[in-house]
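Going by full-length UniProt numbering, the letters in the sequence shown line up with residues 1 to 248, in that order.
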Amino acid sequence: MRFVVKTDVGMKRTINEDRVGVFQREDGRVLAVVADGMGGHNAGDVASEMAITEFEKYFHAYNPSVVPEKEWLMYTFQTINQLIAQHSTSNTGCEGMGTTLIAGLFENSKDSKGIIAHIGDSRVYQITENLVQQITRDHSFVNVLLDSGEINEEQAKTHPMKNAIMKAVGTEKTIHPDFFEVEFVANSYFLFCTDGLSNKLSESFIQSLLYSKKSLQVMGDELVEEANKSGGEDNISLILLTNKDEEV
Numbered sequence: 001m002r003f004v005v006k007t008d009v010g011m012k013r014t015i016n017e018d019r020v021g022v023f024q025r026e027d028g029r030v031l032a033v034v035a036d037g038m039g040g041h042n043a044g045d046v047a048s049e050m051a052i053t054e055f056e057k058y059f060h061a062y063n064p065s066v067v068p069e070k071e072w073l074m075y076t077f078q079t080i081n082q083l084i085a086q087h088s089t090s091n092t093g094c095e096g097m098g099t100t101l102i103a104g105l106f107e108n109s110k111d112s113k114g115i116i117a118h119i120g121d122s123r124v125y126q127i128t129e130n131l132v133q134q135i136t137r138d139h140s141f142v143n144v145l146l147d148s149g150e151i152n153e154e155q156a157k158t159h160p161m162k163n164a165i166m167k168a169v170g171t172e173k174t175i176h177p178d179f180f181e182v183e184f185v186a187n188s189y190f191l192f193c194t195d196g197l198s199n200k201l202s203e204s205f206i207q208s209l210l211y212s213k214k215s216l217q218v219m220g221d222e223l224v225e226e227a228n229k230s231g232g233e234d235n236i237s238l239i240l241l242t243n244k245d246e247e248v
């Protein structure tokens with residue numbers, strides 16, 4: 001498995017509230033984590049930084065022979081949620097802060113399986129040469145309207161509340177992440193990203209870029225560049241993991 005990690009402040013913001021990281025262990029396990037802090041001046045960057053830092057700490061201490069992966073992910077999400085909520089209430093200027101959070105736990109092999117836990121509107125896509133599949137479903141107000149039939153998919157794209165999320169880490173006493181079991185198929189990618197990327201680039205553009213015979217590093221750079229060219233109103237972050245061989 002190979003990967004590239006990118007984060008960029010974008011064209012309009014002065015602070016990057018996104019945090020991303022990929023961590024590896026000697027036993028071959030790989031953890032990919034994306035957090036998009038919310039709260040603006042209320043320390044969204046503090047919330048996302050805490051989420052990534054704590055996840056890395058718990059990952060390196062994790063004993064998979066004692067605790068199943070899904071149970072460990074649930075425990076870690078709940079613990080981080082409590083830590084951020086406590087920090088929010090006990091530190092001036094941090095009131096109401098929170099973060100989206102996605103964590104993907106993989107075995108490091110070409111046909112590795114993984115499990116993904118998700119809160120918020122950051123996303124994971126699985127991409128092959130023939131298919132782009134959004135694995136996660138946004139915890140957003142717009143998706144509530146979609147589910148109730150009040151709006152359609154086209155209306156959702158331009159809805160004035162499209163950025164309003166219904167679930168975040170650190171803003172509630174308890175949280176319940178969604179879980180997805182995934183598997184790498186041959187010559188495929190997993191793209192973890194914040195909405196600064198997914199709101200700006202079409203799935204077809206992303207797919208065509210990933211199969212353009214460019215290096216993984218160049219593809220990561222170009223995804224960020226194209227999101228900025230499309231306006232770059234938000235922070236832009238991504239993790240791109242693949243089991244494809246490096247292009248030469």
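All C-beta atoms in this analysis are idealised placements derived from N, C-alpha and C, irrespective of residue type, glycine included.
The model shown is predicted, which means the values in this text are computed figures rather than measured ones.
Notebook entry, point to check: In this structure, does DSSP put Met38 in helix, strand or coil?
Noted result: strand
Continuous alpha helix (DSSP H) stretch holding Asp221: start and end: 216-229
**Asked** With a CB to CB cut of under 6 Å and the five nearest residues on each side skipped, what residues in its chain are close to Ala85?
**Response** Gly170
With DSSP collapsed to three states, give me the class of Ala85.
-> helix
### Task
Return the residue from the list Asp138, Glu183, Glu150, Val185 that minimises the CA-CA distance to Met166.
Asp138
#### Entry: First and last residue of the uninterrupted alpha helix (DSSP H) at Leu209
203-210
Query - Straight-line Cα distance separating Asn63 from residue 280 - result: Any question about residue 280 goes unanswered here, given that the chain covers just 1 to 248.
In terms of residues, what are the limits of the alpha helix (DSSP H) holding Val46? 44-61
For this session: May I ask you to list the residues that DSSP assigns as paired with Leu101?
Result: Ile119
key: Reduced DSSP category for Thr171 - H, G, I as helix; E, B as strand; rest coil   = coil
Do Met50 and the ligand PLP come close, with the Cβ less than 8 Å from some heavy atom? With respect to small molecules bound, the structure shown includes none, and the ligand PLP cannot be examined in it.
Say whether chain B places a C-beta atom closer than 9 Å to the C-beta of Thr100. Note that chain B does not occur in the displayed structure, where there is just one protein chain.
Rounded Cβ spacing between Val124 and Leu201 (contact assumed at less than 8 Å) = That pair is no contact at about 15 Å.
Practice item. Work out the CA separation of Val34 and Thr7 for me, nearest whole Å. Key: 10 Å
Review point. CB-CB under 6 Å to Ser122, same chain, minus the five flanking residues each way: which ones, in chain order?
Key: Val34, Asp36, Thr100, Ile102, Thr194
By Cβ distance below 6 Å, which residues in the same chain neighbour Thr242 in space, the five residues on each side in sequence not counted? Arg2, Tyr189
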